[in-house]
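Have a look at the structure below before the remarks.
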Amino acid sequence: MLGLMVANRQGTATPMEFRDRAFVLLGRARHCDVHVDGEGVLDEHARLEREPDDVVRVVALDASRPVLVNGRAVVEATLREGDRLRIGTVEVSLRAPVREPRSRLAALGAFASAADSSDTGDGDGADGGEPAPGGALELRSRLALEELTEISPEELPDVAHELRTLRRILEVNKRLARAPDEETLLEGFLDAANALAGSERAFLLAADEEGGVAVLRSRDLAGQEPARGAGPVERELDRELVLEVLSSGIAGVASPGAPRAALCVPLPGSEPLALYVDARQDDDLFRPGDAPLLTAFGEQVSVALERVRLLGETERQQQALRRAAEQAERLNRRLAELLERRTAELRAVRADLAAVDEGFRHRYEEIVGRGPAMLAVLRQVDRIADTNVPVLFEGESGTGKELLARALHASSGRRGARFVAENCAALPDTLLENELFGHERGAFTGADAATQGLFERADGGTLFLDEVGDMSQSLQKRLLRVLQEGEVRRVGGSTVTKVDVRVVTATNRDLSQLVREGRFREDLFYRLAVVKVRVPPLRERREDVPELVRHFVARVAQEAGPCEVTDPALDALVRYDWPGNIRQLDNELRRAAALSRGLVDLDSLSEEVRENRSSRPADPSSLGLDGRDLRALVEELEVRVVGAVLEREAGNITRAARALGLSRLGLRKKAQRLGLAVPNAAAAASARPERRRAGS
C-alpha cells in the first residue's frame, strides 16, 4: 500500500497513510487532513482519492485553482510512486512505506526514512541488486499494513522499544493532566520533551512586545534552568525559527549552519506559544518523525494547561467571591445593628412624641395601636398609674389585659419591684391558696420547708390575678382580708406578715352579674374594682389591626426570616371580627407566614378569615339596642328610610311608592302609621306649575 510524505517549506516531513480512508483532503481549513498555507490556497483546495490496486488520483476542487504535479499544473491526474504534488507551502510525495532501523523514534519516522532512501538514488540494496524476499523491505512494508502491536519483539526489537516509549508518553500525559498548578505542569512537560527528543534543553517560548522572543520556562537534563554561560540563553536560540513557527503554526528545524541543532513546534491555545528543544550540533539528532510526535504531545499538554489555568482562575474567582460574601455579611451585620439601634431610637422618639401629643405622663412602647378606643384606655391607665388603687381590667380573652397590667406597673412608682402574675382559673383551690399565701413547714404532706406565697414575693410591687372571677368563695374571703388588712398568713401558719402589694385583676366575665347571682362576693368586687378599665375587643378597634400586623410580622421576621403581607390579605385581616382577639391574630399570622414562606397573601390565610366568617354570636350590647325590642328598631329604620325617600322625591307619592316597591295607597297608610306628613293630591297639584298647552 502506498503512503504519503507531507513536507513543509522548512523541510519538516510527516508520513501519512490512507489506512481506511477513501480520500485525503488538502486546504487551509483546520478540518483538512493536510493543512496548507500560502497565497491562493482555498479552504478545501484538493483531494487525494484512493482507488483499487493502490491507484491514487489528485483532484483540484476548483478548476480555476489547479495543483502542481511534478511542476505541471493539472486539475485532475493519476499519481505514481515518486510523483511530487505541490500546493502553497506544502509538498506531498507518493512513496512506498519503508522502515529505517532507528532506535529512538523509528516507528513514527518510518515513512520519512523511506523518503530519505529514495532521494539518494543508490538503489534498493547495498550491492545495487533487488532485496531478498523476506528481508528488511518486507518488514518495513508490514509496518504500513499492520498495527504496531502485532509486531513481536523477536522480529523487530526497535519497534517493541518504541511501543514502550509511546506507552510512557501516555503515562506522562496522565500525570500532567493531574498536575495541580501551572508551574508543576510546565516543568513536567519540558522534562518529558527533553526525554522524548533526546535534547539537552527545552524551552517554552512566546513573542514579546518588541518583536523578540521571551523565555517563559526552561529546563535542562538535570531538571534545572540551563546554564547561561557567557551570555543570556536567549542569544543561543534561533530567533527567526521561533518567530516563524509562532506566526505560521507549522513546526520547523534550525538551518544546517546554526550553532545548535534545534526543533521548534507550535502549541495551540489562547495565546501563541512554542516548544523549542536543542542540543549540540548533530545532523542526525532530529528527524522528520520528531516534529509530529512533539506536536501531538504539545497539543495534549496545551489542553491540560488550559484546564489548569481555568481551574486556577475559577479558584481565584471563588476566593474573590468568598471574600466579597464575607465582606457583604460583615456589612449586613453592621447595617442590621445600626438599623436596630436607629429603630429603637425612633421608637423611643415616637413614644415620647405620642406621649406629648396625647398628654401622657408615661410612655407605653409595648402597647401597639393608637386608635381612638386604645387611646381612651391608655389615658385611663396613665391617670391611675402613679396611684396605689386596685384596678380591674375587663375584656374578652386575648385583648391584652395582662400587657396593660404590666404597662401599668412599669409606669407606676413600683416599677423597681416585682410584677408577679397568676391565672386563677389554671389551678385548683388548694394549689392556688398555696401559691397566693405560701405555707409553713409540715403544713401538709411534702411540705419539707417553708415557702413564700405570691403576696410575699410581690411585696412592694404589683400582683396581677387573671380570671379572678373563677376564684372560689373561700379564696375570695382570704383575698378580701389581705386587701383590707394588708396581712398574709401562710397555710399551716399562725403568724401574719405585713405586705405592701398593689393588686391588679382581670376577668373576661361580667363580675356584676356574678355578684347578682351570688357567685362572687360583693364586698370583694368593690375592693377589686376601685377602678374598672374596659379593654375593647379587636373588632372595636379595627384601625389598630394594620399596626398590629406590622408588629407581629416583624417578630416573625426575626425568628424565621423576611416576611411581607400583601394588601388584599391585610384588607381581609382588617374586615375579620377576630373572636380570639389579638392572640388569634398573632397565631393566624404565624401560621400564614410558615405556610407561605415569607409572602402572606390572601390564599395563605385561613378560610374563615378569607370569607370573613366569625364563629362568635352577635353581642346584643354591640348592636345599640338600648333596651328596645326588635319591633321598635324596625319601626325606627322604616321612619328613616321612608322619610328620606319622600324628601328625595319632593313629596311625590307615585315616584316614592315606586322607589320603595309599594302602592300609592300602601305608602300613604305606612306614612300615616309612622307619623310622616304626606301631601294630598290637591296640594301637590297646586304646588306644581301649570303646564301650558301646545300652541297657547
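Numbering of the sequence shown is given in this note's numbering, commencing with residue 7 and proceeding in unit increments.
The beta-carbon is built from N, C-alpha and C at its ideal position, and this holds for glycine as well.
Express the C-alpha separation of residue j and residue i in angstroms, rounding to a whole number.
{"i": "Arg339", "j": "Gln333", "result": "10 Å"}
{"i": "Glu760", "j": "Thr513", "result": "The structure shown does not extend to residue 760, since the chain is modelled only from 7 to 702, so the question has no answer here."}
{"i": "Gly263", "j": "Asp39", "result": "32 Å"}
{"i": "Thr190", "j": "Ser224", "result": "13 Å"}
{"i": "Leu682", "j": "Glu617", "result": "41 Å"}
{"i": "Asp476", "j": "Val571", "result": "39 Å"}
{"i": "Thr393", "j": "Cys569", "result": "42 Å"}
{"i": "Gln306", "j": "Asp609", "result": "60 Å"}
{"i": "Ser119", "j": "Asp197", "result": "Bear in mind that a pLDDT of 37 at Ser119, under 50, signals an unreliable position, so the model cannot answer this."}
{"i": "Val580", "j": "Gln323", "result": "50 Å"}
{"i": "Phe461", "j": "Glu428", "result": "11 Å"}
{"i": "Gln386", "j": "Arg646", "result": "37 Å"}
{"i": "Leu300", "j": "Ala331", "result": "45 Å"}
{"i": "Arg516", "j": "Ser500", "result": "Checking the sequence shown, residue 516 turns out to be Asp, not Arg. Distance between the alpha carbons of Asp516 and Ser500 is about 36 Å."}
{"i": "Val374", "j": "Gly586", "result": "17 Å"}
{"i": "Met11", "j": "Arg36", "result": "19 Å"}
{"i": "Val98", "j": "Val65", "result": "14 Å"}
{"i": "Ala638", "j": "Glu644", "result": "10 Å"}
{"i": "Ala413", "j": "Phe558", "result": "19 Å"}
{"i": "Arg92", "j": "Pro274", "result": "26 Å"}
{"i": "Leu486", "j": "Asp529", "result": "8 Å"}
{"i": "Leu222", "j": "Leu210", "result": "5 Å"}
{"i": "Gly524", "j": "Lys676", "result": "48 Å"}
{"i": "Leu438", "j": "Val505", "result": "18 Å"}
{"i": "Glu231", "j": "Leu85", "result": "50 Å"}
What is the DSSP secondary structure of residue i, reduced to helix, strand or coil?
{"i": "Pro72", "result": "coil"}
{"i": "Met477", "result": "coil"}
{"i": "Tyr282", "result": "strand"}
{"i": "Phe303", "result": "helix"}
{"i": "Cys270", "result": "strand"}
{"i": "Asp392", "result": "coil"}
{"i": "Leu643", "result": "helix"}
{"i": "Val397", "result": "strand"}
{"i": "Ala260", "result": "coil"}
{"i": "Leu611", "result": "coil"}
{"i": "His37", "result": "coil"}
{"i": "Arg447", "result": "coil"}
{"i": "Val374", "result": "coil"}
{"i": "Val178", "result": "helix"}
{"i": "Arg367", "result": "coil"}
{"i": "Val219", "result": "strand"}
{"i": "Ser109", "result": "Residue placement at Ser109 is flagged as unreliable, the pLDDT there being 37, under the threshold of 50; a coordinate-derived value is accordingly withheld."}
Assuming residue i contacts residue j (C-beta within less than 8 Å), just tell me the rounded distance between them.
{"i": "Gly401", "j": "Val541", "result": "3 Å"}
{"i": "Val537", "j": "Val397", "result": "5 Å"}
{"i": "Arg63", "j": "Glu82", "result": "7 Å"}
{"i": "Val606", "j": "Ala578", "result": "Going by Cβ atoms, the distance from Val606 to Ala578 rounds to 10 Å, so no, they are not a contact pair."}
{"i": "Leu279", "j": "Ala212", "result": "5 Å"}
{"i": "Leu469", "j": "Val502", "result": "Leu469 to Val502, Cβ: 17 Å. No contact."}
{"i": "Val314", "j": "Ala185", "result": "6 Å"}
{"i": "Glu50", "j": "Leu74", "result": "Contact doesn't hold; Cβ gap of about 17 Å is too wide."}
{"i": "Ala257", "j": "Val251", "result": "6 Å"}
Short of 7 Å in beta carbon distance, which residues of its chain neighbour residue i, apart from the five on each side in sequence? Order them along the chain.
{"i": "Arg447", "result": "Ala453, Asp454, Ala455, Ala456"}
{"i": "Arg56", "result": "Phe24, Ala28, Phe29, Val62"}
{"i": "Trp584", "result": "Leu544, Arg545, Gln590, Leu591"}
{"i": "Leu182", "result": "Leu191, Gly194, Phe195, Val307, Ala310"}
{"i": "Ala411", "result": "Phe399, Phe470, Val510, Ala512"}
Within the same chain, show all residues whose beta-carbon is closer than 8 Å to that of residue i, passing over the 5 residues directly before and after it, in chain order.
{"i": "Gly463", "result": "As written in the sequence, residue 463 is Arg, which differs from the Gly given in the question. Excluding positions up to five away in sequence, the list reads Arg424, Val426."}
{"i": "Leu673", "result": "Val648, Ile659, Ala662, Ala663, Leu666, Val684"}
According to DSSP, what are the bridge partners of residue i?
{"i": "Val606", "result": "Val571"}
{"i": "Ser224", "result": "Phe209"}
{"i": "Val426", "result": "Leu469"}
{"i": "Phe29", "result": "Glu55"}
{"i": "Ser99", "result": "Met11, Arg90"}
{"i": "Lys504", "result": "Glu493"}
{"i": "Thr84", "result": "Arg63"}
{"i": "Lys538", "result": "Leu398"}
{"i": "Thr405", "result": "According to DSSP, which records beta bridges pairwise, Thr405 is partnered with nothing at all."}
{"i": "Pro21", "result": "Met11"}
{"i": "Arg78", "result": "Val75"}
{"i": "Ala512", "result": "Phe399, Asp472"}
Spatial neighbours of residue i within its chain, please: C-beta separation below 6 Å, excluding the five flanking residues on both sides.
{"i": "Gln458", "result": "Gly444"}
{"i": "Val283", "result": "Ala199, Ala203, Ser205, Ala208, Leu269"}
{"i": "Arg527", "result": "Gln482"}
{"i": "Glu188", "result": "Val314"}
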